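Since the structure comes first, as structure tokens, the remarks are kept for the end.
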Amino acid sequence: MNDKGMIIAGLIIFFTIFTFPIWYNHGAAAPPPEPELSQKAKAAKTCVEDTAYMRTEHMHLLNQWRNTAVRDGLREYTGKDGKTYEVSLSNTCLDCHSNKEQFCDRCHNYASVTPYCWDCHTYPKEKM
Numbered sequence: 017m018n019d020k021g022m023i024i025a026g027l028i029i030f031f032t033i034f035t036f037p038i039w040y041n042h043g044a045a046a047p048p049p050e051p052e053l054s055q056k057a058k059a060a061k062t063c064v065e066d067t068a069y070m071r072t073e074h075m076h077l078l079n080q081w082r083n084t085a086v087r088d089g090l091r092e093y094t095g096k097d098g099k100t101y102e103v104s105l106s107n108t109c110l111d112c113h114s115n116k117e118q119f120c121d122r123c124h125n126y127a128s129v130t131p132y133c134w135d136c137h138t139y140p141k142e143k144m
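Taking the numbering used here, the leading residue of the sequence shown gets 17, the next gets one more, and so forth.
Okay, here's the thing in structure tokens:
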């Protein structure tokens, strides 16, 4: 039984095919889009939390807001900076980030996620 070469060749071919998606896409991913801020957001220079937190955790914050507003009736949020904000997607978030297509949709499309915000909320009127 001298099939050592065939076994090694088979393992190399299997390993190559099995790991192909990983090494093929390594470094080939498109850079994340930069959401376009409205003039009001640029002028405010701050959000309810810092930018890094909002980029990664905004969905958790919005879920927390929904639960506290709908279930507990609490309509105020105090950020880490001590400022108090109204708990409202329409009146707080979309007041500054009014262009859904250029702000929300850019990142959600890139990440291939479909948020369910718009199941209850109406799409904002696009304004620049």
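All C-beta atoms in this analysis are idealised placements derived from N, C-alpha and C, irrespective of residue type, glycine included. Keep in mind the model is a prediction, meaning the values are calculated, not measured.
Item to check | Best match in Lys96, Ala127 and Ser54 for proximity to Ala46 [C-alpha to C-alpha] | outcome: Ala127
Next on the checklist: Going by DSSP in three states, Glu102 sits in which element: helix, strand or coil?
Outcome noted: strand
Checklist entry - Which value, in whole angstroms, describes the spacing of the CA atoms of Asp66 and Phe34? => result 41 Å
Checklist entry - Going along the chain, which unbroken runs of the beta strand (DSSP E) with 3 or more residues stay wholly within the region 70-117? => result 92-94 and 100-102
Checklist entry - By how many angstroms is the C-alpha of Ile29 removed from the C-alpha of Asp149? => result Outside the shown range of the chain, which is 17 to 144, sits residue 149, and nothing can be said about it.
Checklist entry - Anyone know if the C-beta pair for Tyr93 and Val64 falls short of 9 Å? => result yes
Item to check | Val86 burial status per 10 Å Cβ neighbour count (16 or more: buried) | outcome: exposed
Next on the checklist: Applying the 10 Å Cβ sphere with the 16-neighbour rule, what's the burial state of Ala60?
Outcome noted: exposed
Next on the checklist: Can you tell me whether Leu27 is buried or exposed? The criterion is at least 16 other CB atoms within 10 Å of its CB, across all chains shown.
Outcome noted: exposed
Checklist entry - In terms of residue numbering, what span does the alpha helix (DSSP H) encompassing Pro37 cover? => result Lys20 to Asn41
Next on the checklist: Let me check understanding here. Comparing Cα to Cα, which of His76, Ala25 and His42 lies closest to Pro131?
Outcome noted: His76
Item to check | Backbone CA spacing between Asp121 and Phe31 [nearest angstrom] | outcome: 38 Å
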